[in-house]
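Residue numbers (the numbering used here): 454 to 855. Note that CB positions come from ideal geometry on N, CA and C, so glycine has one too. Just so it is clear, the structure is predicted and the values come from calculations on it, not from any experiment. Contents: one structure, followed by commentary.
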């Protein structure tokens, strides 16, 4: 016990700690920061998972199966039981995982995504995930939850999730329901709607006080014009700088939080040259009556393992650090209990407990985490601010191409 307290205090004194995210930490409406899996993943427990972290691991032998996890941190590792799948950080070109753990440690301490995939089509290869491990700066961030990427991003208001395939969304012009590049990107629910035609638009009518727009973000994307209730609109970038080969998924590109309670219409139009991509992955909106969400709480990723990275200290100082940070942690969060696997079958379909076969999100899903707020109501565009997108045309080649 003393050693554990010493180790925890030691790590906190150095400002960085490490936590494990088990394969069983699935995305659910109440755990929007969980791992999102595509179809045909199976979770194993019982005797066949004996010796694995938390007594579980997830596997797939299906071609183009993938999974994504969003986080804030300076390092991420993927631990797997066996297999040689592929991994991509922030949508960069995928590379093969030849050993476990596979680690990327040269990251800034901000929002990131990790995608693991199994591209083999023969069915002979199996990818088996045990857990992820993330190192982050505890002084900069209270946990590993991202701010502006993924459905659980803390900068998006507490809200309902409306996927791009919902019938309440009306599309005009030329749109395609496009799948992701499974080795580099991962769309919520498996798809997003995309147009490359100027003037094509979509609209969504909702009764609420705030709304957020999520899309992918890459160099091939363009400008979107977003208007609410017929106003003149705001021009919002969804692209990265020219020649930037990253490809972010499920990015919070725009929010409006100053709406009066009542019915509103949001319209998004392609406002760039032909060939540039403007897309919708999903909306999140806050209903006019927030009573349905007053008792919802986030299901946070549990702190499972802490590793001291450098430095020294005495036991008294370490104990003080432990008490301070544990008090701060438990005051604002709720730890998830280790799953009870004693009454589970040896294998279970992950899809049965998350989205369904693709995975597919429900039309309206209660969010699981309260939003801390942007402060004054304004447009918030992490597509610009977080990834530093410059003014119009600066990120294009001399001829204006993306």
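Cα-Cα separation, residue 442 to residue 694:
Here the chain comprises residues numbered 454 to 855, so residue 442 is not present and cannot be evaluated.
If you follow the beta strand (DSSP E) that residue 688 is part of, which residue opens it and which one closes it?
Element bounds for residue 688: 687-690.
Beta bridge counterpart(s) of residue 557 as assigned by DSSP
Its beta-bridge partners are 529.
As an exercise, report each continuous beta strand (DSSP E) stretch of at least 3 residues that is fully enclosed by the segment 609-640, in chain order.
Counting whole runs of 3 or more residues, the segment 609-640 contains the beta strand (DSSP E) stretches 613-616, 622-625, 629-631.
With a cut-off of 8 Å on the beta carbons, I'd call residue 519 and residue 556 a contact; round off their distance for me.
Contact doesn't hold; Cβ gap of about 19 Å is too wide.
Which first and last residues belong to the beta strand (DSSP E) in which residue 677 is found?
Start and end: 676-681.
Could you have a look at residue 468 and say whether DSSP puts it in helix, strand or coil?
Here residue 468 sits in coil by DSSP.
Look at the alpha carbon of residue 631 and the alpha carbon of residue 730, and state the distance between them as a whole number of angstroms.
Between residue 631 and residue 730, the C-alpha separation is close to 11 Å.
Checking 8 Å against the spacing of the C-beta atoms, do residue 605 and residue 578 come in under that value?
Taking 8 Å as the Cβ cut-off, residue 605 and residue 578 do not qualify as a contacting pair.
Return yes when the Cβ of residue 475 is within less than 8 Å of the Cβ of residue 506, no when it is not.
Yes, Cβ-Cβ distance for residue 506 and residue 475 is below 8 Å.
Pick out the complete beta strand (DSSP E) segments inside the segment 472-552, 3 residues or longer, and give them in chain order.
Fully contained in the segment 472-552 are the following beta strand (DSSP E) runs of length 3 or more, in chain order: 495-497, 510-513, 518-526, 528-535, 539-542.
Take every Cβ of the segment 507-518, pair it with every Cβ of the segment 618-628, and state whether three or more of those distances are shorter than 8 Å.
As far as the Cβ criterion goes, the segment 507-518 does not touch the segment 618-628, which means the pair count is below three.
Using only CA atoms, which one of 723, 662, 659 lies nearest to residue 690?
The residue with the shortest Cα to Cα distance from residue 690 is 723.
Report, in whole angstroms, the separation of the C-beta atoms of residue 508 and residue 516, which I expect to be a contact under 8 Å.
About 28 Å separates the two Cβ atoms, so there is no contact after all.
Pick out whichever of 559, 651, 563 has its Cα sitting closest to the Cα of residue 597.
The candidate whose alpha carbon is nearest that of residue 597 is 563.
For residue 495, the nearest candidate out of 486, 504, 477 (CA to CA):
Looking at the Cα atoms, 477 is the closest of the given residues.
CB-CB under 6 Å to residue 534, same chain, minus the five flanking residues each way: which ones, in chain order?
For residue 534, where only same-chain residues beyond five positions count, the Cβ hits under 6 Å are 510, 581, 583.
With H, G and I counted as helix, E and B as strand and the rest as coil, what does DSSP make of residue 606?
It is coil, neither helix nor strand.
What is the C-beta distance between residue 645 and residue 711, in whole angstroms, given that I count them as a contact (C-beta under 8 Å)?
Taking the Cβ atoms as the reference, residue 645 lies roughly 27 Å from residue 711, outside the contact range of under 8 Å.
My understanding is that residue 589 touches residue 525, with C-beta atoms under 8 Å, so please give their C-beta distance in whole angstroms.
Separation of the CB atoms of residue 589 and residue 525 is rounded to 6 Å, and the pair is thereby assigned contact status at 8 Å.
DSSP on residue 661, reduced to helix/strand/coil?
Three-state result, residue 661: strand.
With respect to the beta strand (DSSP E) encompassing residue 705, which residues constitute its N-terminal and C-terminal limits?
Here the beta strand (DSSP E) through residue 705 covers 701-709.
Contact belief for residue 616 with residue 642 at Cβ below 8 Å, rounded distance in angstroms:
At roughly 5 Å, the Cβ-Cβ gap stays under 8 Å, so residue 616 and residue 642 are in contact.
Closest by C-alpha distance to residue 674, when choosing among 661, 648, 687
Distances from the alpha-carbon of residue 674 to those of 661, 648, 687 put 648 closest.
CB-CB length for residue 714 against residue 680, believed under 8 Å
Their Cβ separation, rounded to whole angstroms, is 20 Å, which puts residue 714 and residue 680 out of contact at 8 Å.
Taking a contact to mean a Cβ-Cβ separation below 8 Å, would you say residue 705 touches residue 602 in this structure?
Taking 8 Å as the cut-off, the beta carbon of residue 705 is found closer than this to the beta carbon of residue 602.
Separation of residue 473 from residue 530, as counted between CA atoms:
So the two alpha carbons sit approximately 9 Å from each other.
Just confirm the distance between the C-beta atoms of residue 737 and residue 654, as a whole number of angstroms; I'd bet it's less than 8 Å.
Between residue 737 and residue 654 the beta-carbon gap is near 20 Å, outside 8 Å, which marks them as no contact.
Who are residue 646's beta bridge partners in DSSP?
For residue 646, which the question treats as bridged, DSSP gives the partners 630, 733.
Is the beta carbon of residue 672 closer than 8 Å to that of residue 721?
Taking 8 Å as the Cβ cut-off, residue 721 and residue 672 do not qualify as a contacting pair.
Hey, how far is the Cα of residue 468 from the Cα of residue 552?
In this structure, the straight-line span from the alpha carbon of residue 468 to that of residue 552 is close to 29 Å.
Under DSSP, the beta strand (DSSP E) around residue 582 begins and ends at which residues?
From DSSP, the beta strand (DSSP E) with residue 582 extends over 580-590.
Suppose the cutoff is 8 Å on Cβ atoms and the five residues either side in sequence are ignored; what does the same chain contact list for residue 652 look like?
The answer, listed in chain order, is 626, 722, 723.
Can you say whether residue 637 is buried or exposed, counting buried as having 16 or more other CB atoms within 10 angstroms of its CB?
Around the beta carbon of residue 637, a 10 Å sphere encloses 16 or more other beta carbons of the protein chains shown; the residue is thus reported as buried.
I'd like the span of the beta strand (DSSP E) that includes residue 673, first residue to last.
Counted as a single uninterrupted DSSP element, the stretch harbouring residue 673 is not any beta strand (DSSP E), since DSSP gives it neither H nor E.
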